[in-house]
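Written out below as C-alpha cells is the structure these notes cover.
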Amino acid sequence: MEHVDCDFCGSRDAVEVTRQTDILHRTTDEVFAIVRCTGCGLQFVNPRPTADEIGRYYAEEYSFHAAPSRLRRFLADALEAVANSPLYRLCGLMPYVGRRLGAHVKPCIADPVRRHLPPGTGRRILDIGCGAGMHAHFWGHRGSLLEYRRLAEVSGVEIGNAARRVLKSRGIAAFRSIDDIPPSARFDIIRMNWSLEHVHSPAHYFRFIAEHLAAQGKAVIAVPNYDGLLYRAAPDCVEVPIHLYHFRPRDILNYAQKSGLAVIESTTFSYPEMYAVAAGVCPSLQGAFAGRLGVIEARQMQKTLSCFDALGLGNDFLCVLEKAA
C-alpha cells in the first residue's frame, strides 16, 4: 500500500469521505478509505494499492477483460434492442421475459466516437482500457474496437495480459501502457470508457491525450459521477479498491483546463439496473429499492431518472474534449 498526495493539486491535506471494502467483486475483506482533497476537492482512495499490487484486486472473471462469445453478444444486443423499443410493452406481459428485459433498459445516447470520427480515410482511434476489444460498457459490441475497425485504424491500451492476447489475435495493435505508444503517434479519437477512474495518475493520462490528439481530434471520456443521485444517497456505494478516483464533473473540467483541453460536450445519465445492482451489494442501500424490475417498471423508472440526469445528477458522466483554442 502507498499513501499519496493529491494527483491534481499536490496537496497532502484531505478529509475522509467514507470507508468500504470490495462489495462488488469480493476479492478482499480489506477496508479502504476514500478521502477528499481540501485544496481542490478531488476524491480518491488513500492509502491505496500500488501499481504492482492492484492486479490482485481484479477478479479473474472481471467482465471487461473477457471476450464474450458471439452468441452472448447477439443475445445481449437483441435484449437491449427490444427493451428500448415499443415492443417492451408486449414482452413485459410475460414476467420472466420482462425481468430479463428490465436489466437492459437505458437512455438513448448516440455513440460520440461514431459522431465525431472525421470523414475520409486514414482515421485513427485509440481506446485506453479497451478490454478484449469485443464489447464496450454501455455501448455494447457496436462500440467495440472490433466494430470500429470497420471505420478506422484502431489501437488499444490494455493492462490485462489475456485481453491483450485476444486483441493481437484479432490483428488489433495492443499496448500494455500509454507509455509504450510512440511519441509521434496522433489519433483522431482517444477514448477512455470507464477506465480513467482505475488509473494511478489521471494527470498523466490527460497530458497524454493533449499530446497525442490530432489537430482536430476528440477525446471521449466516461466515468462514474460521484455527484450522482445514487452516490449522494450512499457515498459508500463504491467499487474499491479498483476505482482509485471518484470524480465529479468539475474534476474532469479542472484536469482538462490544466492540460490545455476544452470540454465541448457533457452529459450525465443513469439507468435502472445500476440501482438494482447497488441495492444487492451495498449494505446501506439494502431494502431501499425493489431489486430487479420488470421492463415496464424499468421504463417508467428511466423516465424519472432522466429528470435527475438533466440536473447533472446522473450516476455516470460522459464528455467530449478537444485541444483548447
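Position one of the sequence shown corresponds to residue 1182 (this note's numbering), numbered consecutively onward.
Ideal placement from N, C-alpha and C gives every residue a C-beta, glycine not left out.
Collapsing the DSSP output to three states places Y1426 in a strand. Counting along the chain, T1485 sits inside the alpha helix (DSSP H) bounded by residues V1476 to D1490. A distance of 9 Å or more separates the beta carbons of P1230 and V1185. If only complete runs of 4 or more residues are kept, the segment 1222 to 1285 shows the alpha helix (DSSP H) at 1251 to 1264, 1269 to 1272 and 1276 to 1283, in order along the chain. Between the segment 1406 to 1418 and the segment 1358 to 1368, the count of C-beta pairs closer than 8 Å stays below three; the two stretches do not touch.
By the Cβ rule, the segment 1408 to 1423 does not count as touching the segment 1383 to 1391, because fewer than three pairs are nearer than 8 Å. CA-to-CA, the gap between Y1239 and H1285 works out to about 25 Å. Three or more beta-carbon pairs separated by less than 8 Å are not found between the segment 1458 to 1468 and the segment 1426 to 1441, which leaves the two stretches without contact.
In the structure shown, the three-state DSSP call for R1331 is coil.
Taking the C-beta atoms as reference points, R1305 is found no nearer than 9 Å to D1210.
Bounds of the alpha helix (DSSP H) holding G1461 are P1453 to V1462. When R1254, K1439, F1428 and P1299 are compared, the shortest CA-CA separation from I1402 is found for F1428. Considering only D1308, D1203 and V1226, the residue with the shortest C-alpha distance to E1183 is V1226. Contact annotation, R1473 with R1280: C-beta distance approximately 6 Å; criterion of less than 8 Å satisfied. In this structure, the straight-line span from the alpha carbon of P1464 to that of N1342 is close to 34 Å. Cβ neighbours of M1482 within its own chain (closer than 7 Å, five residues either side excluded): P1453 and L1474.
Straight through space, the alpha carbons of S1447 and A1344 are spaced by roughly 30 Å. In this structure, L1223 lies away from F1255, with their beta-carbon atoms at least 9 Å apart. Sorting L1252, A1264, P1288 and A1395 by C-alpha distance to the C-alpha of H1322 places L1252 at the top. Per DSSP, the unbroken beta strand (DSSP E) holding S1447 starts and ends at L1442 to F1450. Only residues of its own chain outside the window of five on either side were considered, and among them R1237, Y1238, Y1239 and A1240 have a CB closer than 8 Å to the CB of T1208, listed in chain order. With respect to S1336, D1308 sits close: the two C-beta atoms are nearer than 9 Å. In this structure, I1235 lies near H1381, with their beta-carbon atoms less than 9 Å apart.
Per DSSP, the beta bridge partners of M1373 are I1402.
A distance of 9 Å or more separates the beta carbons of N1265 and W1320.
In the three-state scheme derived from DSSP, where H, G and I count as helix and E and B as strand, F1356 is classed as strand.
If you check the CB distance, L1326 and M1315 come in under 9 Å.
Between A1232 and the set S1192, G1468, I1477 and H1379, the nearest pair of CA atoms involves H1379. Comparing alpha-carbon positions, the option among Y1412, V1278, D1258 and D1497 lying closest to V1198 turns out to be Y1412. Sequence-distant partners of G1324 (beyond 5 residues in either direction) whose C-beta falls short of 6 Å from its own C-beta, in its chain, are D1292 and A1317. Look at R1323 here: in three-state DSSP terms it is helix. Check the Cα spacing between L1442 and each of G1283, C1187 and C1500: the tightest is with C1500.
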